[in-house]
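Numbering-wise, the numbering used here puts 57 at position 33 of the sequence shown, and it's gapless, one number per residue.
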Amino acid sequence: MKLILTRHAKSSWDDLTLDDHDRPLNERGQSAAQRMGKWIEGRRHVPAQVITSDAARARETAEIMVKAMGGAPSLTLDEGLYHASPDTVLARIQKAPKGDLMIVGHNPGIAALAALIVDVRPTHERFGVYPTTATLIAEVPVDDWSELQYGMARVIQFIVPRELKELNTA
């Protein structure tokens, strides 16, 4: 099965009175999420299900990406993914139904999970930073997500929004 790990897109800091959980995406973040969703769809990596943090910026990222992927994936909000540790995210993945899966979350947890889940880290210079909208697509040799453990995933690709512009997928 495929596992896709995406950090939420760039959020807005226009309203400093908003609680962190309630910050929406800015225009650049909306554009990046849309381009990343199109890129995933164009490479036929569309997951069966997307599970996202319920924070506004993650939820909005997931909603835009699902729409850009043709609306096919089901979308589940999970309040436990808000600033979750890698172990918490892994535990959530292990409870997911069978089928390709995408998680939309936050740093540092999503970056740490990506580093722990792969058998060989990609050489991409931005992998350790895992910037906003960064996406890891990995193949996992399991038939059921409950079998997933650290170090099992084989990287298919790691990509950041800047590369989408370079690939002319805007």
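Here a beta-carbon is modelled for each residue, glycine too, at the ideal position from N, C-alpha and C.
Nearest to residue i (by Cα), restricted to the options the options
i	options	result
Asp46	Ile127, Ser55 and Ser36	Ser36
Gln118	Pro48, Tyr106 and Tyr174	Tyr174
Asp143	Asn131, Ala162 and Arg83	Ala162
Arg52	His148, Trp63 and His32	His32
Thr100	Val90, Leu27, Asp168 and Glu65	Val90
Pro71	Ala158, Leu188, Val128 and Gly152	Val128
Asp102	Ala120, Ala92 and Ile88	Ala120
Ala86	Ile28, Leu140 and Leu172	Ile28
Asp111	Val164, Asp43 and Ile141	Ile141
Gln73	Ala135, Lys122 and Asp38	Lys122
Met93	Ile75, Leu114 and Arg67	Arg67
Met25	Leu172, Asn50 and Gly104	Leu172
Arg83	Ala158, Pro48 and Pro97	Pro48
Local Cβ density within 10 Å of residue i, reported as buried at 16 or more and exposed below that
i	result
Leu40	exposed
Thr156	buried
Gly95	exposed
Ala138	buried
Pro132	exposed
Gly61	buried
Ser77	buried
Residue i: first and last residue of the uninterrupted beta strand (DSSP E) it sits in
i	result
Met93	Unbroken run through Met93: none, as it is neither H nor E.
Ser98	Ser98 to Asp102
Phe182	Arg178 to Ile183
Ser77	Gln73 to Ser77
Lys26	Lys26 to Arg31
Limits of the alpha helix (DSSP H) - the one that residue i falls within
i	result
Leu140	Gly133 to Ile141
Thr212	Nothing can be reported for residue 212: it is not among the residues displayed for the chain, which extend from 25 to 194.
Ala57	Glu51 to Gly66
The segment 133–151 contacting the segment 176–190, beta-carbon criterion three pairs below 8 Å: Segment contact: the segment 133–151 against the segment 176–190, three or more CB-CB distances shorter than 8 Å; contact assigned.
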